[in-house]
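Numbering (the working numbering), first residue to last: 2 to 253.
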Amino acid sequence: MSEDVQSPRSSVFTTMRFSKSQGIFLFDSHLERMLRHATRLRINEISINRDSILGLLLENPPELTEGLVRIECTNTSELKISYRPFSIQNECIDAVTIPSPIWPKRIAGTKHGAWAPYTEAKNHADRSGADLALLIHEFAIVDGDRCTPIIMDEDGVLWSSNSSLSVDSVMFESLRNSLLSAGFHIQSGLLNERLVARCTEAIAVGSGVGVVKIESIDGEQIGDENSRLFDTCISILEEQYLNAKYWTEVWT
Numbered sequence: 002m003s004e005d006v007q008s009p010r011s012s013v014f015t016t017m018r019f020s021k022s023q024g025i026f027l028f029d030s031h032l033e034r035m036l037r038h039a040t041r042l043r044i045n046e047i048s049i050n051r052d053s054i055l056g057l058l059l060e061n062p063p064e065l066t067e068g069l070v071r072i073e074c075t076n077t078s079e080l081k082i083s084y085r086p087f088s089i090q091n092e093c094i095d096a097v098t099i100p101s102p103i104w105p106k107r108i109a110g111t112k113h114g115a116w117a118p119y120t121e122a123k124n125h126a127d128r129s130g131a132d133l134a135l136l137i138h139e140f141a142i143v144d145g146d147r148c149t150p151i152i153m154d155e156d157g158v159l160w161s162s163n164s165s166l167s168v169d170s171v172m173f174e175s176l177r178n179s180l181l182s183a184g185f186h187i188q189s190g191l192l193n194e195r196l197v198a199r200c201t202e203a204i205a206v207g208s209g210v211g212v213v214k215i216e217s218i219d220g221e222q223i224g225d226e227n228s229r230l231f232d233t234c235i236s237i238l239e240e241q242y243l244n245a246k247y248w249t250e251v252w253t
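This is the structure in structure tokens:
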């Protein structure tokens, strides 16, 4: 069955950063999210465990020295892995908007098997000459095609979407405590047109992109010249990438 006709409950997945020398970045957090999402999707969790996944990775090492690895568990408990290189990482980008796919509440916000609309959103951004598609529902940003948008308002408060359509971000959670320590305040709410239009900075975070600074949306400049949030996130990530406690060894 081709990807574009898969049922949401056909599989659950997560995409993680890997390094052949260091292993998998934030593995335990990705595993925990995958288990939560599997429960919501009614997918048997028997194969979603450290030993099964790390064993499969060890048996199928990547040819790349670093990049992204997608771990998928089907509704028949079959584990699948695929590797790919990074596309963009820690850059300034342009975004476009596209209507968000709508799912029933038990499906919404999970990394599920019917992922074709998100792939098509990314392809739409590529065709438009942009780097990222922002998914819109009821005049608010609810997600990115492969990362989580974060908006900093004029008071310096960071906002993430509280929509049920938003996928919870492993990467943003890994940054949260350090951002709070750096003096940022974090809230969740509606990322509506007014908030975005008046923001001082907009970024997106995720395994697939690291952290990117969104400089325009649909051709309109976003934020001011401020890059404090972007620079802080890059600094935090660089520290985490160098810290062995954030990695799970696989191939060394």
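Beta carbons are placed, not taken as given, at the ideal position from N, Cα and C, and that holds for glycine. Please read all numbers here as calculations on a predicted model, not as lab measurements.
For S11 and T77, the gap between their C-alpha atoms comes out near 8 Å. According to the DSSP assignment, Q241 belongs to the alpha helix (DSSP H) that extends over 229-242. For K81, there is no enclosing alpha helix (DSSP H); the residue is part of the beta strand (DSSP E) that begins and ends at 80-85. Secondary structure at V212: strand, using DSSP grouped into helix, strand and coil.
Under the three-state reduction of DSSP output, R107 falls in the coil class, being neither helix nor strand. Secondary structure note for G56: its alpha helix (DSSP H) is the uninterrupted segment 51-60. T111 places its beta carbon less than 8 Å from that of H38. Taking R43 as the centre and dropping the five residues before and after it, the same chain places the C-beta of R10 closer than 7 Å to its C-beta, in chain order. In the three-state DSSP reduction, E250 falls in the coil class, being neither helix nor strand. S8 carries a coil assignment under DSSP once its states are collapsed to helix, strand and coil. For a cut-off of 8 Å, the C-beta gap from T249 to G24 is around 5 Å, short enough to register as a contact. In this structure, K123 keeps its C-beta atom at 8 Å or more from the C-beta atom of D95. With a cut-off of 8 Å on Cβ pairs, the segment 91-110 is in contact with the segment 123-143, counting three or more such pairs. Under the three-state reduction of DSSP, L176 is assigned to helix.
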